[in-house]
Amino acid sequence: MRCPYCRHPESRVTDSREADEGAMIRRRRSCRECGRRFTTVEEAVLAVVKRSGVSEPFSRAKVVSGVRKACQGRPVDDDALALLAQRVEEAVRSTGCAEIPSHEVGLAILGPLRELDMVAYLRFASVYRAFDSLADFEAEITALRALGDDPQPVPRVESRGAAPGPEPAHAAPGDDLVGAGSGP
Ligand SMILES: [Zn+2]
Numbered sequence: 000m001r002c003p004y005c006r007h008p009e010s011r012v013t014d015s016r017e018a019d020e021g022a023m024i025r026r027r028r029s030c031r032e033c034g035r036r037f038t039t040v041e042e043a044v045l046a047v048v049k050r051s052g053v054s055e056p057f058s059r060a061k062v063v064s065g066v067r068k069a070c071q072g073r074p075v076d077d078d079a080l081a082l083l084a085q086r087v088e089e090a091v092r093s094t095g096c097a098e099i100p101s102h103e104v105g106l107a108i109l110g111p112l113r114e115l116d117m118v119a120y121l122r123f124a125s126v127y128r129a130f131d132s133l134a135d136f137e138a139e140i141t142a143l144r145a146l147g148d149d150p151q152p153v154p155r156v157e158s159r160g161a162a163p164g165p166e167p168a169h170a171a172p173g174d175d176l177v178g179a180g181s182g183p
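For the sequence shown, position 157 matches number 156 in numbering that gives the first Met the number 0, and the numbering has no gaps at all.
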């Protein structure tokens with residue numbers, strides 16, 4: 000790193016510390032020629048590019064905070080969230096790209112979150128994929144059922160003594176599908 004004052008090519012590191020939750024390292028340097036001090040920043044190569052074009056270092060903490068909202072009231076603890084964020088980072092890094100669009104981070108979240116908690120997954124997916132109708136939820140739930148790994152009984156299906164047909168979702172807007180997802 001050349002000295003910004005005298006352009007001398009050698010400097011000595013006098014201090015080194017992490018910043019931005021470990022996403023970057025700041026180094027305080029002293030020029031070996033003129034003795035003046037300057038700071039360099041070493042940043043993670045993995046950058047997330049938002050739709051606005053702004054890029055920022057990938058952050059597990061941001062993955063956790065984004066997913067935590069979807070997990071409100073669900074039996075998901077911090078360890079599980081940390082593990083999820085780690086899996087997301089591994090998936091994203093395995094693409095080998097230095098810059099990834101933020102929606103690909105969202106994509107990488109969907110799989111691990113689905114394994115973690117179906118309801119949280121559905122909440123997250125509904126925002127991330129901008130569900131705007133019951134039909135979107137129905138399609139997603141149908142896909143989830145087809146995977147066959149729903150570990151929980153379906154909540155709040157009222158039996159009204161009618162024929163136990165397999166079509167509870169077509170009754171009316173605001174029925175069970177939405178109620179089951181939003182919680183108290
Ligand atoms: Zn210098």
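Beta carbons are placed, not taken as given, at the ideal position from N, Cα and C, and that holds for glycine.
Predicted, not measured: the structure shown is a model, and the values here were computed from it.
{"query": "Reduced DSSP category for S64 - H, G, I as helix; E, B as strand; rest coil", "result": "helix"}
{"query": "Any non-hydrogen atom of ligand 1 within 8 Å of E88 CB", "result": "no"}
{"query": "Opposing strand residues paired with V40 [DSSP bridges]", "result": "R25"}
{"query": "Any non-hydrogen atom of ligand 1 closer than 8 Å to R6 Cβ", "result": "yes"}
{"query": "M117 burial status per 10 Å Cβ neighbour count (16 or more: buried)", "result": "buried"}
{"query": "Neighbourhood of F57 by C-beta distance below 6 Å, restricted to the same chain and skipping five residues each side", "result": "L45 and V47"}
{"query": "For A90 and A107, believed in contact at Cβ under 8 Å, the rounded distance", "result": "4 Å"}
{"query": "Distance cut-off 8 Å: G21 Cβ against heavy atoms of ligand 1", "result": "no"}
{"query": "For A129, the three-state DSSP class (helix, strand or coil)", "result": "coil"}
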